Amino acid sequence: MDPDFLNIFTQPSTLDRFLTEDVITKGEKRKLIKPTSSNNRKLEELKLFLTEWINRTLKEEHIVVKSLEEDLYDGLVLHHLLENLGSLKLDVDKIALTEKKQRQKLSVILEAVAKCLQLEESQLKWSVESILAKDLLSTLHLLVAIAKHFEPTLALPPNVQVETITIETTSRGLKTSNGVENITENKENIEAQSKDDAFDELFNCAPDKLDAVKKALLQFVDQNVGKLGLNVRDIESQFSDGVILLLLIGQLEGYFLNLRNFFLTPASTMEMLHNINLALELLAEGGLLNFHVNSEDIVNGDMKAIMRVLYCLYSKYRTKEA
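Structural data, given as structure tokens:
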């Protein structure tokens, strides 16, 4: 048997729930934080931060939270928090004493949260059952989502991740798998997103400057791939197959690109996607790309996506070219 499965039950309360109740139904998966994360300093920092944030928000209502797992599972604190942050009036009693009433209350609350955050069911990292079961991982995901939506300027501790174990019931018994899950965003990704927002602003609010930026990027590309006898004049069409992008990376980063590793004259969308994905991998490995790029956007000639990728190289090498 997987030793991690045994280690997950080091706390009697957890073990009792799994042995005496049908916590996991057949075919269901349950993800839990492994006990090895109990000494995770960043996790404890996040728990303390969220606890103090809730207590500060609900101070005038004389509500004091001491434990995120023990004090939020019945929906009372969540109810007050949503009403306070979002001025939401939930059609449910403030106090629910029985498990049935608590489940009904949580259902109304979590439905309101999903509606406010505009999340589909498949995007939710929590459920009525997991919150009711005092699941810390689900509770943290829920609170972080609420905080980011209603107080976007709140400085949540970044880079919080935990080791997890996923338990699933199968016809052969319990199956487990290990993993690592992010609870708050990586600081570098947040900074990269700020760079993305600059391009959003350029396209949406300053279209008059768009041509100037595009011209600067094209000149930069042309200066470097021109050494290979190539001439670049159009962003949307000439970068969609990934060839010029790969050659540009090779020129700037000093890569020797074996012709067997990419398609010099791609004849299909799949071959174009292969080239783009290879280029993005090279940029990521070189530390130049720290945000997500949809390779299909580049194949489809999305100018904003292409310009963002080109800017990664431009911002590093423009001083050298100057």
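Numbering-wise, the sequence shown is residues 1 to 322 according to the UniProt record's numbering. All C-beta atoms, glycine included, are put in the ideal place defined by N, C-alpha and C. Keep in mind that this is a model prediction, so the values were computed, not measured.
Can you check whether the CB of residue j is closer than 8 Å to the CB of residue i?
| i | j | result |
| --- | --- | --- |
| residue 293 | residue 309 | yes |
| residue 286 | residue 253 | yes |
| residue 275 | residue 243 | yes |
| residue 307 | residue 217 | yes |
| residue 76 | residue 95 | yes |
| residue 213 | residue 248 | no |
| residue 57 | residue 81 | yes |
| residue 156 | residue 291 | no |
| residue 371 | residue 98 | As displayed, the chain neither begins before 1 nor continues past 322, which places residue 371 out of reach and without an answer. |
| residue 174 | residue 149 | no |
| residue 129 | residue 161 | no |
| residue 108 | residue 135 | no |
Using only the alpha-carbon positions, how far apart do residue i and residue j sit?
| i | j | result |
| --- | --- | --- |
| residue 120 | residue 114 | 7 Å |
| residue 40 | residue 215 | 49 Å |
| residue 315 | residue 241 | 23 Å |
| residue 146 | residue 139 | 11 Å |
| residue 318 | residue 110 | 49 Å |
| residue 59 | residue 246 | 57 Å |
| residue 208 | residue 176 | 56 Å |
| residue 288 | residue 167 | 37 Å |
| residue 183 | residue 36 | 16 Å |
| residue 154 | residue 238 | 42 Å |
| residue 263 | residue 280 | 15 Å |
| residue 295 | residue 266 | 15 Å |
| residue 42 | residue 269 | 43 Å |
| residue 303 | residue 152 | 29 Å |
| residue 112 | residue 34 | 30 Å |
| residue 234 | residue 301 | 10 Å |
| residue 21 | residue 100 | The predicted model places residue 21 with a pLDDT of 43, which falls under 50 and marks its position as unreliable; any figure quoted below should be read in that light. Distance between the alpha carbons of residue 21 and residue 100: 16 Å. |
| residue 103 | residue 61 | 23 Å |
| residue 185 | residue 141 | 11 Å |
| residue 125 | residue 204 | 32 Å |
| residue 210 | residue 227 | 27 Å |
| residue 2 | residue 259 | Any answer about residue 2 is weak, because its pLDDT of 46 lies below 50 and its placement is not dependable; what the coordinates show is given next. In a straight line, the C-alpha of residue 2 is about 45 Å away from that of residue 259. |
| residue 127 | residue 63 | 24 Å |
| residue 199 | residue 219 | 19 Å |
| residue 143 | residue 179 | 21 Å |
| residue 169 | residue 122 | 20 Å |
| residue 79 | residue 202 | 40 Å |
| residue 89 | residue 30 | 31 Å |
| residue 232 | residue 261 | 23 Å |
| residue 297 | residue 86 | 35 Å |
On a CA-only basis, which of the options is nearest residue i? Give me that one, please.
| i | options | result |
| --- | --- | --- |
| residue 133 | 224, 32, 182 | 32 |
| residue 225 | 250, 211, 267, 210 | 250 |
| residue 84 | 148, 166, 66, 54 | 54 |
| residue 74 | 117, 106, 158, 56 | 106 |
| residue 159 | 289, 37, 281, 46 | 46 |
| residue 28 | 171, 297, 182 | 171 |
| residue 305 | 236, 150, 123, 124 | 236 |
| residue 71 | 126, 131, 122, 104 | 131 |
| residue 284 | 142, 312, 297 | 312 |
| residue 257 | 268, 282, 267 | 282 |
So for residue i, helix, strand or coil by DSSP?
| i | result |
| --- | --- |
| residue 120 | coil |
| residue 30 | strand |
| residue 373 | There is simply no residue 373 to check, as the chain begins at 1 and stops at 322 in what is shown. |
| residue 163 | strand |
| residue 36 | helix |
| residue 168 | strand |
| residue 403 | Because the chain here runs from 1 to 322, residue 403 falls outside it and cannot be looked at. |
Give a yes or no on whether 8 Å exceeds the smallest Cβ distance from residue i to chain D.
| i | result |
| --- | --- |
| residue 96 | No chain D is present in this structure, which holds just one protein chain. |
Beta strand (DSSP E) runs wholly inside the UniProt domain "Calponin-homology (CH)" (211-318), at least 3 long, in chain order: Runs found: none.
Run through the UniProt domain "Calponin-homology (CH)" (44-151) for me and flag every whole alpha helix (DSSP H) of 4 or more residues, listed as ranges in chain order. Runs found: 68-72, 76-86, 99-117, 128-132, 136-150.
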